[in-house]
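*Asks:* Residue numbers (full-length UniProt numbering): 1 to 854. Every residue gets a Cβ at the ideal spot worked out from N, C-alpha and C, and that includes glycine. Quick caveat, the model's predicted, so the values are computed rather than measured.
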Amino acid sequence: MAILLVFLCFILSDPSTAFVAGAGTSFIPKDNFLIDCGANKELGALPDGRVFKTDEQSKQFLDAKDDIIATAAPEKKAPSPVDLTARVFLQEATYIFQMAEPGWHWVRLHFMPVKSNDFDLLQAKFSVATEKYVLLHSFNINNESTFVLKEFLLNITEPKLSIKFFPMRNSAAFINAIEVVSAPVDLIADSNVELSPVGTIEGLTKYAFQTLYRLNMGGPIINPRNDTLGRTWETDEVYRTPKAAGRNVVVETNTIKYQGGLKETGMLIAPPSVYASAVQMGDAQVSVPNFNITWKFEADPSFGYLIRFHFCDIVSKVLNNLYFNVYVNGKAAITNLDLSHKLGSLATAYYKDVVVNASLIVDGLTVQISPANVETGDANAILNGIEVLKISNSVNSLDGEFGVDGRSANGSNRGTVAAVGFAMMFGAFVGLGAMVMKWHKRPQDWQKRNSFSSWLLPVHAGDSSFMTSKTSYGSHKTNIYSSTLGLGRFFTFAELQEATKNFDPNSIIGVGGFGNVYLGVIDEGTKVAVKRGNPQSEQGITEFQTEIQMLSKLRHRHLVSLIGYCDENAEMILVYEFMSNGPFRDHLYGKDLSPLSWKQRLEICIGAARGLHYLHTGTAQGIIHRDVKTTNILLDENFTAKVADFGLSKDAPMGQGHVSTAVKGSFGYLDPEYFRRQQLTEKSDVYSFGVVLLEALCARPAINPSLTREQVNLADWAMQCKKKGCLEKIMDPLLIGAINPESMKKFAEAAEKCLAEHGVDRPSMGDVLWNLEYALQLQEAFSQGKTEDENKAAGTATVAPTTPTTVDASTNAPNSDNRPVVQPEQNRQPAEVQAIDDHSGSAMFAHFSNLNGR
C-alpha cells in the first residue's frame, strides 16, 4: 500500500518568513512548506531564519509500517541539520501539499545517504515525480560523502501539489528534507529570446525548470541566508577555463543600483552581492587582448536550457567605455553590449535571458565573453553571475524521455524548448499511457483485426517497478487502428500455437533479448518467423518496442517485412516473413553449408547496402540501424539479402550531426568514434558494414579470441594486411583464382573507406553501394570473359591458344573478343559516376535511381 503523507497548508506554511531583498523590498511567500523528513523533533530556527517542521506533525494519513527512519552518525557533517535525518520508503510514497496560490514555486529536495540498518542508501535507486512532471528518473547517490540538493521551479496551477517517490525494484527511495516555496510571479517571463534558430520563443510558463548551475562570478558563495529568495550561489572558478583568463573584481554592495523595470523587483532576480562582484579580462600582457574568458558546463543534449546572464558595470570609470560580446557554444548570444548606454549609469544591475535549443548541445554548454571589436573604450569584458536552468521536454520530463503518463519524447536527443510539434512514438501515440509489465487481456468487443495492441504502447527503459506503480506513469489503453501504422494482419494466439506446434522448442530458429523466434507455417504452407516476446526480459521489451516503431514506417525489398502481430493471453508476438537461407554469417563460416561464390557474396553485400541506404535516406528523418553485422543480414530462398533486427535502431538527428546515446551494438563491429564519444551517426553503420565486407572476403568472425593478439580483430588485421599489400593472403582460400583482381581491389577500397577512424572521412552508404556495384560489374566481365576464353580454347583444340584481348579503354564498344566493356575508373566521366573518394553520393548510374524505398 502506498504511503500518503499529507501536509496541510495552515500547519506548515509560515507567512512570517520573508526574504528581504533590500531597503523597501521583501518577498513573503504565501506557500512556505519546509519539512525535516524523519526528524523526531523540531530543530528551531536555522541560522538563515527558516523553521523546518517534522513530517510527524501531520501524521494522520501516514502508514508507519511501510517507512523507515534513518539518522546520520554523530560525526557526520551536513550542510544543514535538517539533512541529518531521512525518511526511507520501500514502496511508493506521496507528499501532498495544499497550495494557497497558483504560480511559480521552488521545489527543493535534499538528499544525503545517512545510515539505515534496513537499507544501504548509497544503493537506493528511485524516481520522483509530480502529477504533471518527472523530476528525477532512476536517481542514485553513489558517493557516501555526497550531499545533493535538487532545485526545481514549477508553475503550479492546481490547488494541490503531489510529490511522489517511486523505489526501483528491490530498492528504496529516501528524502532528507523538502522545500515547497512560492516564487515571484514574474521570475520567468513567458516570452524570451531563442538562440538557435534566432527569434522569440513563447509559452515558457508552460514548462518546468531545474536549476543546474547558479554562479556568483568573481565573488564568494552566497548562501540562502544572504539571498533574496533563499537560493545558493556557487563560485565560478571550477568552471572557468583557464582560470588565469579572468580576474576577479569586487565592490561594496551599497554601490549597486536597480533601475527601470528592475527598480521594484530586481533584487528578487539576484541580490546586490551578485552584482557587486564580477570576472573581467585577465592581464595577458598583450596590447590587444583578443582572447575569451570561458566557462564550461555539463549538459544533457536531450534538453533545452534557459541561461540567465547577470551584468553590472563595476569596472568602468566613465560611461560608454565597455563593449563586449557573449557567446554560447560558439553562437553570438549578445553582441556589442554597452551596459552604461543601455542603463544610463554605471554599477547598475541588468540581466538577460537566452533560450538554447538542444540542437546546439554537443559536448555540454560553453559560455564565453570577449571584448567587442570597436575602435573606442577599454578592451574588456565582464560577467557578474550566471544561472543555467534545464527546460522540461515535450512530455513534461526533466529527466529521461518519458512523461508521467508514459508518453515518449520519441527517443529524441533534441531540445524541446519549441512550444509545439514533437511527433510522439509511432506518430499516433499522443496521450497514451505507459506499458505495464503485466499485459491485460483484450476486451471481447475490441475489433480484433483493426485495433492496436496494448503492448505496443511506449515503455520505460528502466526498472519495471517504475512502470507498474498504481498511480505512477499511467496504465490506460487507447484503441488505435494498426492499419495506420503498417502492423498488418492480426493473428489469434491459437493460430500461432498451431503454426508453431505449440511453440515447440525444436522449432526455435533464433534467440534474442526479447525471447525466442520460432519457425511457423500459416495459410496451408506459408512459412513465417514468429518472434515471441518474453515479459521477464526488460531489455528485450525495449528493443521489441523499438523494432515495432521502426518496422511500422519501413517497407523495402532489402528489409525483412513484418506480416502481423498477436496480443492475446498476455502475449506479445510479431510475425515476419521467413528467410529460408538464414543469416549471411552461416554461409561464410561456422556451419557446414555450401560456400558462396564471389559473385553471390557481392550481390548479398549490395542487397544489404541497398537496405541500409534506404534506412539512411528513404524516410524524411532517416534511421540508424546501430547493429549491422552478418547475423542481421538474412537470406531468402533466392539468396536475396534483407537487413533485420531493428531493436537498437535510432532516428537520425535533424539539425545536428549525431545522436548522443549510450553505446550499444556488437563487439568487433562498433564504430570506434561512437565508442569514444557516445555520439551516434549514420557513419557508425558505415563502419559496421565495412566489417561485414571483410567477413565476406575473409570468411572469418569479426572477433576471434583464439588467434594471436594482432589477428583477433578482423578490421585491424585486414587493414594492416592491406597496407602491406598482402590482403589476398588472408582472404577465403575458396575464392583464390575466382576473383578478378580489379574487383577485389575496388571491394577492398570500399571496406577501407568504411573503416576510416573518423566518421567524416567515411563514405555514405550510397557511395559504398556504387563501388560494390562497380566491383560486381568488374567481376561479371571477368567471369564472362574467362568462360568465353575457355569455350574458345575447347572449340579450337588444334589451334594454339591466343592471349586474351584486353579491354579497350578508349571506347565504350565491345572489344575484339566480344566481351562487354567495363570502362576503367580513370576514364569514367563525372556525369556517369561519383568515385568513393568524393563521398557525395550525388551522382550514380541512371539505373541506380531505384535505390529509394519501394
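1) How many Å lie between R700 and D504 at the Cα?
2) Can you tell me whether residue 881 is buried or exposed? The criterion is at least 16 other CB atoms within 10 Å of its CB, across all chains shown.
3) Any idea if E752 is buried or exposed, counting beta-carbon neighbours within 10 angstroms, 16 or more meaning buried?
4) Per DSSP, what kind of secondary structure is Q678 in: helix, strand or coil?
5) Give me whichever residues DSSP pairs with G564 in a beta bridge.
6) Should the stretch 303-323 be regarded as contacting the stretch 346-355, the criterion being three or more beta carbon pairs within less than 8 Å?
7) Indicate whether the contact test is met: 3 or more Cβ pairs, each with one atom in the stretch 689-698 and one in the stretch 710-719, closer than 8 Å.
8) In the DSSP assignment, find the unbroken beta strand (DSSP E) run with V388 in it and report its ends.
9) Whole angstroms are fine: how far does the CA of D405 sit from the CA of I222?
10) Return the CA-CA distance between N248 and M217, expressed in angstroms with no decimal places.
11) Under the rule that 16 or more other beta-carbon atoms within 10 Å means buried, what is K77, buried or exposed?
12) Please list the terminal residues of the continuous beta strand (DSSP E) segment that includes T85.
13) What are the start and end residues of the beta strand (DSSP E) that includes R308?
14) Touching or not, the stretch 675-687 and the stretch 582-601, by the rule of three or more beta carbon pairs under 8 Å?
15) Touch check for the stretch 327-345 and the stretch 172-181: three-plus C-beta pairs under 8 Å?
16) For V388, collect the residues of the same chain with a Cβ closer than 7 Å to its Cβ; drop the 5 residues on either side in sequence, then sort them by chain order.
17) Given a cut-off of 8 Å, decide if A73 and F152 are closer than it, judged by their beta-carbon atoms.
18) Applying the 10 Å Cβ sphere with the 16-neighbour rule, what's the burial state of F667?
19) Looking at the structure shown, is F747 part of a helix, part of a strand, or coil, going by DSSP?
20) Can you tell me whether DSSP reads D67 as helix, strand or coil?
21) Please classify M252 as buried or exposed, where buried requires at least 16 other C-beta atoms within 10 Å of its C-beta.
22) Relative to the C-alpha of A641, which residue among N704, E577 and Q679 is closest?
23) Are F303 and I391 close, meaning C-beta to C-beta below 8 Å?
24) Can you check DSSP and say which residues form a bridge with L559?
25) Which residue comes first and which comes last in the alpha helix (DSSP H) that contains residue 856?
26) Alpha carbon to alpha carbon, how far is V530 from R555? Give it in angstroms, no decimals.
27) Using a 10 Å radius around the Cβ and a threshold of 16 neighbouring Cβ atoms, would you call I28 buried or exposed?
28) On the DSSP letters alone, give me the boundaries of the alpha helix (DSSP H) that V274 sits inside.
29) Give me the Cβ distance between D31 and R225, rounded to the nearest whole Å; I'm assuming they're in contact under 8 Å.
30) Find out if the Cβ-Cβ distance for the pair V180, L161 is shorter than 8 Å.
31) Taking the C-alpha atoms as reference points, what is the distance between Y565 and F491?
32) Would you report the Cα separation of L635 and L195, rounded to the nearest angstrom?
33) Counting C-beta neighbours from all protein chains within 10 Å, is the total for L734 16 or more, i.e. buried, or is it exposed?
34) Do you know how far the Cα of N254 is from the Cα of L339?
35) Roughly how many angstroms lie between the CA atoms of L84 and D300, to the nearest whole one?
36) For E42, which residues from the same chain have a beta carbon less than 7 Å from its beta carbon, with the 5 sequence-adjacent residues on both sides left out?
*Replies:* In this structure, then:
1) 32 Å
2) With the chain represented from 1 up to 854, any question about residue 881 goes unanswered, as that position is not in the structure.
3) buried
4) coil
5) R489 and V575
6) yes
7) yes
8) G385 to I391
9) 38 Å
10) 8 Å
11) exposed
12) T85 to F89
13) G304 to F311
14) no
15) no
16) L212, Y213, F297, Y305, I307 and L365
17) no
18) exposed
19) helix
20) strand
21) Per the sequence presented here, residue 252 reads as Glu, with Met not at that position. Burial call: exposed.
22) E577
23) yes
24) V643
25) Only positions 1 to 854 of the chain appear in this structure, which leaves residue 856 out of reach.
26) 19 Å
27) exposed
28) P272 to Y275
29) Wrong, their Cβ atoms sit about 20 Å apart, outside the cutoff.
30) yes
31) 6 Å
32) 49 Å
33) exposed
34) 19 Å
35) 31 Å
36) K53 and T54
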